[in-house]
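From first to last, the protein sequence lines stand for chains A and B.
Just so we're aligned, residue 1 is where the first sequence starts under my numbering, counting upward by one.
Just so we're aligned, residue 1 is where the second sequence starts under my numbering, counting upward by one.
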Amino acid sequence: GENVEQHPSTLSVQEGDSAVIKCTYSDSASNYFPWYKQELGKRPQLIIDIRSNVGEKKDQRIAVTLNKTAKHFSLHITETQPEDSAVYFCAASPAGGTSYGKLTFGQGTILTVHP
Amino acid sequence: EADIYQTPRYLVIGTGKKITLECSQTMGHDKMYWYQQDPGMELHLIHYSYGVNSTEKGDLSSESTVSRIRTEHFPLTLESARPSHTSQYLCASSVGTRYYTFGSGTRLTVV
Chain A
1 GENVEQHPST LSVQEGDSAV IKCTYSDSAS NYFPWYKQEL GKRPQLIIDI RSNVGEKKDQ
61 RIAVTLNKTA KHFSLHITET QPEDSAVYFC AASPAGGTSY GKLTFGQGTI LTVHP
Chain B
1 EADIYQTPRY LVIGTGKKIT LECSQTMGHD KMYWYQQDPG MELHLIHYSY GVNSTEKGDL
61 SSESTVSRIR TEHFPLTLES ARPSHTSQYL CASSVGTRYY TFGSGTRLTV V
């Protein structure tokens, strides 16, 4: 099955700095890679996703890059703000077959943005 | 409002009791999932369903069982709760990989 590794487990930055979280995956059949943000006591919320037919996607201050050859993808947050503080999860899912729609999550990254 | 709902939000129960965690979605999604979230954050898939009368075990072994008799309803049952079952349980639903939505979770404590 799929295995997703996420690093770092904790990340501390100053407000205004950039933050980068990296994930690697093992199953070359995976082609959908979402990122979730989970604030304390709340449900995970999708913040951005990318499919394997593109290498980069951007939405305001957040961007995701994908390298299918190396099987890794990254989340980039620019101009960080205190409200970006949360746990971030990457995930991977295959395009089809019996595992279609099943997300395998990374271990999570606790991001703390200091004012 | 179209969403996914979990009840109860918190549950404290004694060892050996039977419990059912409820999950319902009003979005018409065909796929539904149960995740267990450790205190250390990691999300583990324990059950999933691709439609009515379809259920499969996930990547993490669990003593719980699920049923999918109606599209919108995906309850999880523990026949005999133990302290090792203490965790947060998150339900989710999707259309393929699209519109993946999590419920607010049930935090279960078995004493």
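We put the beta carbon where it would ideally sit given N, CA and C, even for glycine.
Quick caveat: nothing in here was measured; it's all calculated off a predicted structure.
- Query: How would you list, in chain order, the residues of chain B whose beta-carbon sits under 9 Å from the beta-carbon of residue 34 of chain A?
  - Reply: 97 and 100
Simplified DSSP assignment, three categories, for residue 85 of chain B: helix
message = Please report the straight-line C-alpha distance between residue 68 of chain A and residue 48 of chain A, rounded to a whole angstrom.
response = 17 Å
Return the CA-CA distance between residue 74 of chain B and residue 17 of chain A, expressed in angstroms with no decimal places.
-> 42 Å
For residue 15 of chain A, name the three-state secondary structure that DSSP assigns. coil
How big is the Cα-Cα spacing for residue 48 of chain B and residue 30 of chain B? 11 Å
Cα-Cα separation between residue 57 of chain B and residue 87 of chain A, rounded to whole angstroms: 26 Å
Notebook entry, point to check: Name the chain A residues that come within less than 7 Å of residue 22 of chain B, Cβ to Cβ?
Noted result: Those do not exist, as residue 22 of chain B stays about 16 Å from chain A at its closest Cβ, beyond 7 Å.
Residue 130 of chain B bridges to which residues according to DSSP?
Nothing can be reported for residue 130 of chain B: it is not among the residues displayed for chain B, which extend from 1 to 111.
*Measure the Cβ-Cβ separation of residue 19 of chain A and residue 77 of chain A and say whether it is below 8 Å.*
yes
What residues from chain B crowd round residue 87 of chain A, counting only those whose CB sits closer than 9 Å?
41
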